[in-house]
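Below is one structure, written out as structure tokens; the observations come after it.
Residue numbers (my numbering): 70 to 254.
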């Protein structure tokens with residue numbers, strides 16, 4: 070995805086929720102699940118790496134409830150009033166759970182990690198690239214121009230100017246379709 074340089078107006082950002090950890094869960098990517106045989110495996114697009122699907126990997130097993138908890142806490146945060154004293158405590162939990170996901174991804178490629186495997190690390194980044202490309206294609210289908218992309222984010226604007234600022238309601242159908250087609254948490 071090549072960035073369109075310059076000053077842009079009416080830009081929205083779509084940040085994929087915990088993309089690498091979500092990719093690990095949805096793809097069952099873990100050190101012990103990569104490199105399986107052709108039976109009951111799934112190929113990570115663009116890599117040729119096969120991932121076993123017959124049993125849940127350790128890393129996805131651990132990450133899935135943590136991602137669901139983080140998502141629930143983020144939704145709770147949105148519902149609390151700005152001055153609520155619980156916000157600081159809940160935000161700290163959200164941040165801590167985000168770091169667990171970062172570490173799970175980073176540690177997956179560490180050579181001395183007992184459950185790690187470089188193929189797992191490469192499969193996670195390839196799955197992330199696939200998700201971003203798919204999200205870009207969906208945004209284009211919905212009439213948006215993708216200005217730039219970052220590890221887990223797209224920056225978009227309407228192809229046809231709408232004469233007013235974009236609102237969350239404007240892009241909600243796009244986000245729903247991205248979430249549906251990428252099959253992430």
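Beta carbons: idealized from backbone N, C-alpha and C, even for Gly.
Since residue 173 is in the alpha helix (DSSP H), which residue starts that stretch and which ends it? 155-176
Three-state secondary structure (DSSP) of residue 242: helix
Do residue 173 and residue 132 come within 8 Å of each other at the CB atom, strictly closer than that value? yes
Under 8 Å by Cβ, that's how I've got residue 99 and residue 129 pegged, so tell me the actual separation to the nearest angstrom. 6 Å
Roughly how many whole angstroms lie between the Cα atoms of residue 195 and residue 253? 14 Å
Integer-rounded CB distance, given that residue 96 should sit under 8 Å from residue 119: No, residue 119 and residue 96 are not in contact; Cβ-Cβ is about 11 Å, not under 8 Å.
So is residue 157 buried or exposed if we call it buried at 16+ other beta carbons inside 10 Å? exposed
Compute the Euclidean distance between the alpha carbons of residue 215 and residue 243, then round it to the nearest angstrom. 13 Å
CB contact flag (residue 251, residue 200, <8 Å): yes
Do residue 187 and the ligand ZN come close, with the Cβ less than 7 Å from some heavy atom? With respect to the ligand ZN, the structure shown offers nothing to examine, as it has no ligands at all.
Closest by C-alpha distance to residue 212, when choosing among 231, 218 and 125: 231
Quick check on DSSP: helix, strand or coil for residue 179? coil
For the beta strand (DSSP E) that residue 216 lies in, which residues bound it at each end? 213-219
Taking the straight line between their C-alpha atoms, what separation do you get for residue 136 and residue 186? 22 Å
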